[in-house]
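Peer 1: Pasting a structure here, questions to come.
If you want it as structure tokens, here you go:
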């Protein structure tokens, strides 16, 4: 049985969905439905009630696991505060830790993320830290109580794909916890690539939200994630530098 | 009296029950989380809480995010 369990919960679908950047929240229920996503991320913000912005919770089915992120946090302390606020919303105890002080590339601060992971895991959160791919930092996050780690494929929102493949592969090989590739996956084939090398799941937002047809793209990603996972389980054939005939080299007509 | 709602000045005639204050300012209380002078309020605490002069009230909700 090929099961993904995080924080004691069985996760039926290995495509995690981010809900930012959609042209309208109204698209989200169908995107969730077509992607099959069970884990859905949200952000927490002060909201101006005079704006037309609706509450995201109205668009996420109750069967989904809501995973708030700590976006906006620049330090561990800020991430902890945001996480506690998010939990007070009453939608469960999952949290994606995101600590970013670099405004150009939005690369996460692993050191602060480790600190926040330790505090929040001790408070009973199911902690999934977003991180720069790094074996040692990943190990420290798991020692600090992370339920999984989420290395980036490329910077947030860039759609550039799995640029960090070598390090992500090492993390998959060496860490006994789910590795979820988060950020930068731009095409279904990027998601399949991550799954083929053994990622436990992928988190996709921009590539789906900014597609011409987000619902169809959600479905495409869902298929790619399933295909990639199946390929991983099947065991990829070896690569070689030279050609190796697929047809017999005997019994030729000429 | 002046209070601060999500960082902006709001003027009230006097001490106001928190739930009324939140609702009067256009929020649907069932889907928000409230921070009162930096402290997160549990839902059980809402009914007993009041907004007083110079209080800082933050009302937050979930929005789209990745």
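Protein chains in written order, with my numbering: chain A, 21 to 274; chain B, 57 to 122. Using N, Cα and C, we set each Cβ at its ideal position, and we do this for glycine too.
1. Let me check one thing: in DSSP terms, what residues is residue 236 of chain A bridge-paired to?
2. Give the single residue among A:200, A:177, A:176 whose Cα lies nearest to the Cα of residue 166 of chain A.
3. Give me whichever residues DSSP pairs with residue 29 of chain A in a beta bridge.
4. Give me the chain B residues within the contact set of residue 241 of chain A, using Cβ-Cβ distance strictly less than 9 Å, ordered along the chain.
5. Taking C-beta to C-beta, are residue 48 of chain A and residue 84 of chain A nearer than 8 Å?
6. Note down, in chain order, all residues in the region 225 to 254 of chain A with a beta-carbon under 9 Å from any beta-carbon belonging to chain B.
7. Give me the residue from A:137, A:58, A:163, A:93 with the minimum Cα distance to residue 24 of chain A.
8. Scan the region 24 to 44 of chain A for residues whose Cβ lies nearer than 8 Å to a Cβ of chain D and list them as they occur along the chain.
9. Name the chain B residues that come within less than 9 Å of residue 67 of chain A, Cβ to Cβ?
10. From the DSSP output, which residues share a beta bridge with residue 128 of chain A?
11. Helix, strand or coil, according to DSSP, for residue 135 of chain A in the structure here?
12. Can you grab the Cα-Cα spacing for the pair residue 77 of chain B / residue 78 of chain A, in whole Å?
13. For a quick check, are the C-beta atoms of residue 38 of chain A and residue 70 of chain B less than 8 Å apart?
14. In terms of DSSP beta bridges, what is residue 93 of chain A paired with?
15. Roughly how many angstroms separate the alpha carbons of residue 112 of chain A and residue 28 of chain A, rounded to a whole number?
16. Using DSSP with H/G/I as helix, E/B as strand and the rest coil, what is residue 120 of chain B?
17. Nearest by alpha-carbon distance to residue 221 of chain A: which of A:235, A:250, A:230 is it?
18. So the beta strand (DSSP E) residue 91 of chain B belongs to, where does it begin and stop?
19. Any beta carbon from chain B within less than 8 Å of residue 104 of chain A's own beta carbon?
20. Got a sec? Which residues, its chain only, sit under 7 Å from residue 87 of chain B by beta carbon, not counting five neighbours each side?
21. Our contact map puts residue 103 of chain B next to residue 59 of chain B with C-beta atoms below 8 Å; I'd like the distance itself, whole angstroms only.
22. Are the C-beta atoms of residue 122 of chain B and some chain A residue less than 8 Å apart?
23. Please confirm whether residue 113 of chain B and residue 61 of chain B have their CB atoms less than 8 Å apart.
Peer 2: So, to answer that:
1. Working through the first chain from its first residue, we reach residue 236 of chain A at position 216. Note: residue 236 of chain A sits in no beta bridge, so no partner.
2. Numbered from 1 along the first chain, position 146 holds the residue referred to as residue 166 of chain A. Nearest of A:200, A:177, A:176 to residue 166 of chain A, Cα basis: A:200.
3. Translated into the one-based positions of the first chain, residue 29 of chain A becomes position 9. Note: residue 29 of chain A sits in a beta bridge opposite A:26.
4. Working through the first chain from its first residue, we reach residue 241 of chain A at position 221. Going along chain B, no residue has its Cβ under 9 Å from residue 241 of chain A, so there is no contact; the nearest lies around 14 Å.
5. Position 28 of the first chain, counted from the first residue, corresponds to residue 48 of chain A. Position 64 of the first chain, counted from the first residue, corresponds to residue 84 of chain A. Contact flag unset, no.
6. 225, 226, 229
7. Translated into positions along the first chain, residue 24 of chain A becomes position 4. The option with the nearest alpha carbon to residue 24 of chain A is A:58.
8. No chain D is present in this structure, whose protein chains are A and B.
9. In the first chain, counting from the first residue as 1, residue 67 of chain A sits at position 47. Neighbours of residue 67 of chain A on chain B, chain order: 62, 83, 88, 115, 116, 117, 119.
10. For this step, residue 128 of chain A is matched to residue 108 along the first chain. Answer is A:120.
11. The count along the first chain starts at 1 and reaches residue 135 of chain A at position 115. Helix.
12. Working through the second chain from its first residue, we reach residue 77 of chain B at position 21. Working through the first chain from its first residue, we reach residue 78 of chain A at position 58. Each residue's Cα considered, the two are about 23 Å apart.
13. Your numbering for residue 38 of chain A matches position 18 in the first chain. Your numbering for residue 70 of chain B matches position 14 in the second chain. No, the pair does not count as a contact, with Cβ atoms beyond the cut-off.
14. Translated into the one-based positions of the first chain, residue 93 of chain A becomes position 73. DSSP lists A:119 as partners of residue 93 of chain A.
15. The residue given as residue 112 of chain A occupies position 92 in the first chain. The residue given as residue 28 of chain A occupies position 8 in the first chain. Taking the straight line joining both Cα atoms gives about 13 Å.
16. Counted from its first residue, the second chain places residue 120 of chain B at position 64. Three-state DSSP puts residue 120 of chain B in a strand.
17. As a working mapping, residue 221 of chain A is identified with position 201 in the first chain. The option with the nearest alpha carbon to residue 221 of chain A is A:250.
18. As a first step, residue 91 of chain B must be located in the second chain, where it is residue number 35. 89 to 92 is the extent of the beta strand (DSSP E) around residue 91 of chain B.
19. Counting from one through the first chain, the residue named residue 104 of chain A turns up at place 84. Yes, because at least one Cβ of chain B sits closer than 8 Å to the Cβ of residue 104 of chain A.
20. For the purposes of this step, residue 87 of chain B is taken as the residue at position 31 of the second chain. Result list for residue 87 of chain B: 117, in chain order.
21. In the second chain, counting from the first residue as 1, residue 103 of chain B sits at position 47. In the second chain, counting from the first residue as 1, residue 59 of chain B sits at position 3. That belief does not hold up - the Cβ atoms of residue 103 of chain B and residue 59 of chain B are roughly 19 Å apart, past 8 Å.
22. On the second chain, position 66 is the one that residue 122 of chain B refers to. Yes - at least one Cβ of chain A is within 8 Å of the one on residue 122 of chain B.
23. As a position in the second chain, residue 113 of chain B is number 57, starting the count at 1. As a position in the second chain, residue 61 of chain B is number 5, starting the count at 1. Yes; because the gap between Cβ atoms is below 8 Å, this pair is in contact.
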